[in-house]
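What follows is a single structure, written as structure tokens, with notes after it.
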Amino acid sequence: MSENETKSFYADKLKRAVHLLVFRRGKLPGAKEWELKEKVGKNYQQVMEQLNTILSELDLEIKKVSEPPSGQITESEETVQMNEPRYYVTLKGSLGVKEAKMIGWRIDNLAALTGAIAYLVAKQGKAPREDVERVVAEKYGRWKAATLVDIFLRAGYLEEDDAGVTSLGWRTKTEVNLPALMTKMTEGRA
Amino acid sequence: MEKKTKAGRQTLAAGRKELKEVIETCDAIERRKFNPFFLDVKLGVETLREYFPLWAEFQDNCLDAHALNRLSEVVRLQNTQLKFQSSALYAEPEFIAKKFQRMSEKRLAEVFLQSWHPIVELEQLTNEAVSIGLDYWNLLLPIQERWKRRDYSRGKNPESADSNTLVGLGIHGEKFEATLTQLWKTLMETYNAEKAPVDYWKFVKMESHRETVERAYFVSFLVTYGFAKMQLEGERITLLPIENPTNKPAEGGVSVPIAIPSEA
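First to last, the sequence lines map onto chains A and B.
Numbering-wise, the first sequence is residues 1 to 190 according to this note's numbering.
Numbering-wise, the second sequence is residues 1001 to 1264 according to this note's numbering.
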């Protein structure tokens, strides 16, 4: 294969990979490992690395997320059977308050989400819904707390099972750097 | 002999009861109601050992196996907790709750934003999205119809109000919540007394116009927050209290503007 042919071969694979990662097809954004393997080829990991280099110049990065099915936080991944990893494109840096407002987030909603996530992390990733609502309600009132928790559930930042136990949602696990959040939360000034 | 059997039966019953209690406690721990170290696993295993020779029926052995399985789950949770406590993510839940109360909204939002790396994605038009959009437009009345009902009024320009102002007006805070809860109870009592959906106007009608408007305002929150259902039957509007509210706004809900005439 000539050098030009190799270049075009990779360019084609890069395009296919970025389409899979960026355009939402099902309920969740991103692409599963098997999809990438099928559409991009066996050397998809190399393609991902190449794409990551290109995206990093735009303050974006590819994130691979493997999660335990129960949604709990575990230190060791070996003991728990993991779901198939999923690849997402995420922002590498962070947004400012004004930018967050521009993309549709209210400051009070973000503040409540911080409290709910930090509380769940402190409870090892799971807590009864009424406990999470109680914590949020102490700052925002009972009625608003219930609505806020619903918003977070719909957005995928929290999950709730049939027994009414809430846990960290797929979006939190993908988008939020939990150790950084907890450090800032515990150190944070009023 | 008879005495012995009787004593034996009592012990068997007590054993079953104790095992069920162990299982319930383990389940509660799994649902994060209690700390995993709340249960003395050693004592639990000793209890199983104590009653094991008494089990005669298949169900008893199943109960014993189930209790053992639950205890092993608690041990796993204890192990996870110890690992978690030695990690960077560990913080006391009560400390976090207090910190959350003390920190300002802006600071909390900043904490989140500094550790948030949102997903980048492009949304596309799908068949499902088109269908939802069509349903919405089909439900809307023609623009001429909607404009006909609108009366112009040159009111004051909208202004922003802070939390203290809202509390002062009685539409935010603890007092507001207490009023809503009381109103929901009243609606429930009226419904139980009539055994039929409550007529909206009968329910909101008070002695003065001001009180009527205020009550209608609170009723709108009951409906929005899923504590009551509003039914439109021709000209008649009825309210149906929801006994076990989901705290969720009804799916596919629509806004119903209700004009309250001054004679109401």
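The C-beta atom is built at its ideal place from N, Cα and C for all residues, glycine as well.
Using DSSP's beta-bridge definition, name the partner residues of Y88 of chain A. DSSP, once it has assigned bridges, lists A:K63 as partnering Y88 of chain A.
Grouping DSSP H, G and I as helix and E and B as strand, with all else coil, what is L168 of chain A? strand
Euclidean distance between Cα positions of V18 of chain A and K92 of chain A: 16 Å
As assigned by DSSP and simplified to three states, the class of F1227 of chain B: coil
For W1116 of chain B, list the residues DSSP reports as bridge partners. A:V176
is_contact[G104 of chain A, chain B] using C-beta, thresh 8 Å: Closer than 8 Å: no.
Pair within 8 Å by beta-carbon distance, Y87 of chain A and L55 of chain A: no
Buried or exposed by the 16-neighbour rule on C-beta atoms within 10 Å, applied to C1026 of chain B: C1026 of chain B is buried by the Cβ-count criterion.
Kindly identify the DSSP beta-bridge partner or partners of K32 of chain A. A:R86
According to DSSP, is K1098 of chain B helix, strand or coil? helix
Can you name the residues of chain A whose CB is closer than 7 Å to the CB of V1111 of chain B? Think of a sphere of 7 Å around the beta carbon of V1111 of chain B: the chain A residues whose beta carbon falls inside it are T114, L181, K184, M185 and G188, in chain order.
Taking Y1200 of chain B as the reference, give the member of B:M1230, B:E1174, B:L1222 and B:K1185 with the closest Cα. For the residues B:M1230, B:E1174, B:L1222 and B:K1185, the minimum Cα distance to Y1200 of chain B belongs to B:M1230.
For P1036 of chain B, which of helix, strand or coil comes out of DSSP? helix
At which residue ranges does the segment 1177-1245 of chain B contain complete alpha helix (DSSP H) runs of 4 or more residues, listed in the order of the chain? 1200-1204 and 1209-1224
How about K1229 of chain B: is its C-beta nearer than 8 Å to some C-beta of chain A? no
Among B:K1106, B:S1115 and B:H1117, the one whose alpha carbon lies nearest that of A112 of chain A: B:K1106
Could you check how far apart the C-beta atoms of E133 of chain A and A118 of chain A are, in whole angstroms? I think they sit under 8 Å. A Cβ-Cβ separation of about 15 Å leaves E133 of chain A out of contact with A118 of chain A under the 8 Å criterion.
Residues bridged to A127 of chain A by DSSP? A:T166
Sequence-distant residues of its chain with Cβ nearer than 7 Å to I1029 of chain B (five each side left out): Take I1029 of chain B, set aside five residues on each side of it, and the residues of its chain with a beta-carbon closer than 7 Å to its own are P1036, F1038, L1039, V1074 and L1077, in chain order.
Check whether the segment 1117-1125 of chain B touches the segment 21-36 of chain A, taking contact to mean three or more Cβ pairs, one atom from each stretch, closer than 8 Å. yes
For M1188 of chain B versus P1245 of chain B, is the C-beta distance shorter than 8 Å? no
Runs of 4 residues minimum, wholly inside the segment 1040-1108 of chain B: which ones carry the alpha helix (DSSP H) assignment? 1041-1051, 1058-1085 and 1093-1102
Are L115 of chain A and S167 of chain A close, meaning C-beta to C-beta below 8 Å? The sequence as given places Gly at residue 115 of chain A; Leu does not occur at that position. For the pair G115 of chain A and S167 of chain A, the CB atoms are not nearer than the 8 Å cut-off.
Which whole-angstrom value is the C-beta distance of A1109 of chain B and I107 of chain A, which I expect to be below 8 Å? 5 Å
Buried or exposed, going by whether 16 or more other CB atoms sit within 10 Å of the CB of R171 of chain A? Burial call: buried.
Counting only Cβ pairs nearer than 8 Å, list the residues of chain B close to S94 of chain A. Chain order gives the chain B residues near S94 of chain A as L1113, Q1114, S1115, W1116 and H1117, where near means a beta carbon separation below 8 Å.
Check L95 of chain A in the structure and name its three-state DSSP category. coil
Just to check my reading of the structure: H1117 of chain B and N177 of chain A have Cβ atoms closer than 8 Å, yes? What is that Cβ distance to the nearest angstrom? 7 Å
Euclidean distance between Cα positions of I1143 of chain B and S94 of chain A: 43 Å
List, in chain order, every chain B residue whose beta-carbon is nearer than 8 Å to that of R24 of chain A. Here the neighbours are E1121, L1122, E1123 and Q1124.
Is there a Cβ from chain B that is less than 8 Å from the Cβ of N177 of chain A? yes
Beta-carbon contacts of Y1051 of chain B that lie in its chain and below 6 Å, excluding the five residues immediately before and after: G1015
At which residues does the alpha helix (DSSP H) containing L51 of chain A begin and terminate? Y44 to S56
Taking Cβ to Cβ, would you say G141 of chain A is nearer than 8 Å to G1173 of chain B? Result yes, Cβ atoms of G141 of chain A and G1173 of chain B sit closer than 8 Å.
Between the CA atoms of V65 of chain A and E1128 of chain B - distance to the nearest angstrom: Computed Cα separation, rounded: 28 Å.
Within the same chain, show all residues whose beta-carbon is closer than 7 Å to that of A100 of chain A, passing over the 5 residues directly before and after it, in chain order. Excluding sequence neighbours, A100 of chain A sits near L110.
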